[in-house]
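Using this note's numbering, you'd call the opening residue of the sequence shown number 213 and step up by one each time. Built from N, CA and C at the ideal position, the CB exists for glycine as well. Shown next, in structure tokens, is the structure this report addresses.
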Amino acid sequence: MASNYTENYGLCQWEPGDNFVRTEFNQDNARIDAALAAAEAETSRVESLTGAAQAAADYALDALGPVAYNVYGLMLQQSYEGKPTAFKKALVFDGFVDGSMTASMSAGLVRSQNRITATRTGQGNIDLGYSSTHISLVGGGYTQTYTATGSGTITGLRIKHIRESGSSTTPLSWQLHLNGSMVRQGTTSLSYGSTAKEETVSIPSTPVSNGDSFRFYLSCGSSGLHFYRGTSDLIGGTILISSSGVTGGTITTPSLALPGRKQLRAWVRYSGGSVALSVNGSAGAVALAPVGTRTTVEPAGASCTEAKFALEEGVPQDGSLSFTLTLSLGGSTTMTVYDYGILLL
213 MASNYTENYG
223 LCQWEPGDNF
233 VRTEFNQDNA
243 RIDAALAAAE
253 AETSRVESLT
263 GAAQAAADYA
273 LDALGPVAYN
283 VYGLMLQQSY
293 EGKPTAFKKA
303 LVFDGFVDGS
313 MTASMSAGLV
323 RSQNRITATR
333 TGQGNIDLGY
343 SSTHISLVGG
353 GYTQTYTATG
363 SGTITGLRIK
373 HIRESGSSTT
383 PLSWQLHLNG
393 SMVRQGTTSL
403 SYGSTAKEET
413 VSIPSTPVSN
423 GDSFRFYLSC
433 GSSGLHFYRG
443 TSDLIGGTIL
453 ISSSGVTGGT
463 ITTPSLALPG
473 RKQLRAWVRY
483 SGGSVALSVN
493 GSAGAVALAP
503 VGTRTTVEPA
513 GASCTEAKFA
523 LEEGVPQDGS
533 LSFTLTLSLG
543 GSTTMTVYDY
553 GILLL
């Protein structure tokens with residue numbers, strides 16, 4: 213017989229001189245077996261609860277996706293309409309209404325009419341021509357309206373003027389109208405004489421892209437100074453444009469202070485080419501994985517492709533993050549990005 217027993221399960225403990233009965237081993241084995249069975253059952257129960265909790269969490273995250281997508285659409289619509297969109301802590305979005313969400317953008321990409329455009333073909337100078345006749349601009353006048361067939365940057369307008377006698381200087385007021393709105397204006401000084409003279413009116417760089425329409429308006433208070441007409445009978449000359457065709461580019465947000473997050477979901481609406489999205493932390497950029505695409509319409513009603521992205525592991529945990537949207541033309545001649553939204557889960 214055993215002299216002693218263990219404290220918790222009463223297993224036999226023998227001294228060197230004890231006699232033992234073999235059936236005592238059966239008793240010990242039964243107790244050990246029961247303890248192991250109980251431990252296994254508890255482990256299974258805990259694993260089951262953990263799995264249920266994870267499934268519930270996954271379900272909640274999946275359920276947030278459609279809700280966030282709807283919020284994203286509503287917030288973009290409010291942004292387009294100029295309404296407040298103060299809630300941005302868990303949803304980063306940009307409808308390109310202004311440049312507030314753009315820290316950097318590749319040269320050649322153009323933000324215009326609430327969209328970003330990349331065009332393979334560049335737009336160069338536009339020759340309006342000169343005729344043999346000229347007009348006074350005391351009451352003002354326009355150049356011909358032109359629609360860009362590529363991308364570039366308007367830098368000025370070259371004009372030609374003449375005065376029948378004498379020489380002096382006079383101010384010339386100018387405006388640049390882009391897609392029906394006046395976007396630039398200023399005044400420059402012209403020096404003139406009795407012989408025809410070409411001068412360049414320089415303006416702040418103004419990007420244009422495929423489909424943008426524009427024209428100049430000029431006004432001069434000197435009735436004796438005449439400006440040469442173009443071939444269209446309006447103001448002649450040359451609209452100066454620096455060509456900037458591209459095959460793609462990137463747009464990066466400012467560094468944004470954001471709440472804690474475990475996963476990211478994102479949507480980008482665009483036409484032509486392809487898009488990619490990455491999140492930038494202190495350790496570098498992490499690409500979001502493409503999930504799929506569908507055909508839809510953007511808030512202004514244009515048919516487009518909507519790409520969905522996700523990042524479920526390895527999301528940077530920095531207090532501040534930035535995001536980079538990459539545009540690639542591929543086989544397309546032009547592409548347009550209408551908006552994007554990124555949900556932090």
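Using 8 Å as the threshold, is the C-beta distance between residue 501 and residue 555 below it?
No, they are not a contact pair.
What are the partner residues of residue 354, as DSSP defines its beta bridges?
The partner list for residue 354 (beta bridge, DSSP) reads 429.
How would you label residue 506, buried or exposed, when you count the other beta carbons within 10 angstroms and need 16 or more for buried?
Exposed, by the Cβ-count rule.
When you compare only the Cα positions, how much space is there between residue 491 and residue 475?
If you take the alpha carbons of residue 491 and residue 475, they lie about 11 Å apart.
Reducing DSSP to helix, strand and coil, say where residue 387 ends up.
Looking at residue 387 - three-state DSSP - the assignment turns out to be strand.
Rounded to a whole number of angstroms, what is the C-alpha to C-alpha distance between residue 318 and residue 483?
For residue 318 and residue 483, the distance between alpha carbons rounds to 19 Å.
Quick one: what does DSSP say residue 339 is sitting in, helix, strand or coil?
Strand.
Figure out for me which residue from 480, 361 and 461 has the closest Cα to the Cα of residue 306.
Out of 480, 361 and 461, 480 has the C-alpha closest to the C-alpha of residue 306.
Rank 440, 416, 494 and 521 by C-alpha distance to the C-alpha of residue 368 and give the top, closest one.
The option with the nearest alpha carbon to residue 368 is 416.
Using C-beta distances below 8 Å, list every residue in its chain close to residue 509, excluding the 5 sequence neighbours before and after it, in chain order.
Contacts found: 515 and 516.
Give a yes or no on contact between the region 357-364 and the region 322-332, applying the rule of three or more CB pairs nearer than 8 Å.
Touching, yes.
Do the CB positions of residue 526 and residue 498 come within less than 8 Å of each other?
A contact, by the Cβ cut-off of 8 Å.
Assuming the contact rule is C-beta atoms closer than 8 Å, residue 453 and residue 338 should be a hit. Round their C-beta distance to whole Å, please.
That belief holds up - the Cβ atoms of residue 453 and residue 338 are roughly 7 Å apart, short of 8 Å.
Sorted by chain position, which residues of the same chain lie with C-beta nearer than 7 Å to residue 422's C-beta, five sequence neighbours on each side aside?
So the qualifying residues of the chain are 329, 331, 360, 361, 362, 363 and 546.
Expressed to the nearest angstrom, what Euclidean distance is found between the alpha-carbon atoms of residue 387 and residue 353?
If I take the Cα positions, the gap works out to 10 Å.
If you check the beta carbons only, do residue 574 and residue 413 fall under 8 Å apart?
What is shown of the chain runs 213 to 557, which leaves residue 574 out entirely.
Exposed or buried, what is residue 300 when buried is set at 16 or more other beta-carbons lying within 10 Å of its beta-carbon?
Here the model assigns residue 300 a pLDDT of 44, short of 50, so the residue's position is not dependable and the matter cannot be decided.
Could you give the first and the last residue of the continuous beta strand (DSSP E) run that contains residue 577?
There is simply no residue 577 to check, as the chain begins at 213 and stops at 557 in what is shown.
Skipping 5 residues on each side, what residues in its chain have a beta carbon closer than 8 Å to that of residue 533?
467, 468, 470, 491, 492 and 493.
What three-state label does DSSP hand residue 313 in the structure shown?
Three-state result, residue 313: coil.
Tell me whether residue 433 is buried or exposed, calling it buried when 16 or more other Cβ atoms sit within 10 Å of its Cβ.
Looking at its Cβ environment, which holds fewer than 16 other Cβ atoms inside 10 Å, residue 433 is exposed.
Per DSSP, what kind of secondary structure is residue 551 in: helix, strand or coil?
Note: residue 551 maps to strand in three-state DSSP.
The beta strand (DSSP E) spanning residue 424 covers which residue range?
Where residue 424 is concerned, there is no enclosing beta strand (DSSP E), given that its DSSP letter is neither H nor E.
Which one of 394, 428, 485 and 537 has the shortest CA to CA distance from residue 313?
Measuring from the Cα of residue 313, the nearest candidate turns out to be 537.
Can you give the Cα-Cα distance for residue 448 and residue 333, rounded to whole angstroms?
One C-alpha to the other measures close to 25 Å.
Once the 5 residues before and after residue 403 are set aside, which same chain residues still bring their CB inside 6 Å of it?
Taken in chain order, the residues that qualify are 381.
Might you give, ordered along the chain, the residues of its own chain that have their beta carbon closer than 8 Å to the beta carbon of residue 392, omitting 5 neighbours on each side?
Answer for residue 392: 425, listed in chain order.
In three-state terms, what does DSSP make of residue 461?
Residue 461 falls in the strand class under three-state DSSP.
Between the Cα of residue 462 and those of 541, 373, 343 and 304, spot the shortest distance and give me the residue it belongs to.
Cα-wise, what sits closest to residue 462 is 541.
Which residue comes first and which comes last in the beta strand (DSSP E) that contains residue 371?
Counting along the chain, the beta strand (DSSP E) containing residue 371 begins and ends at 364-375.
Please go through the same chain and pick out, in chain order, the residues whose beta-carbon is closer than 7 Å to the beta-carbon of residue 456, but skip the five residues on each side of it.
319, 320, 334, 363, 364 and 365.
Could you give the residue range of the beta strand (DSSP E) that holds residue 518?
Segment 515-523, the beta strand (DSSP E) holding residue 518.
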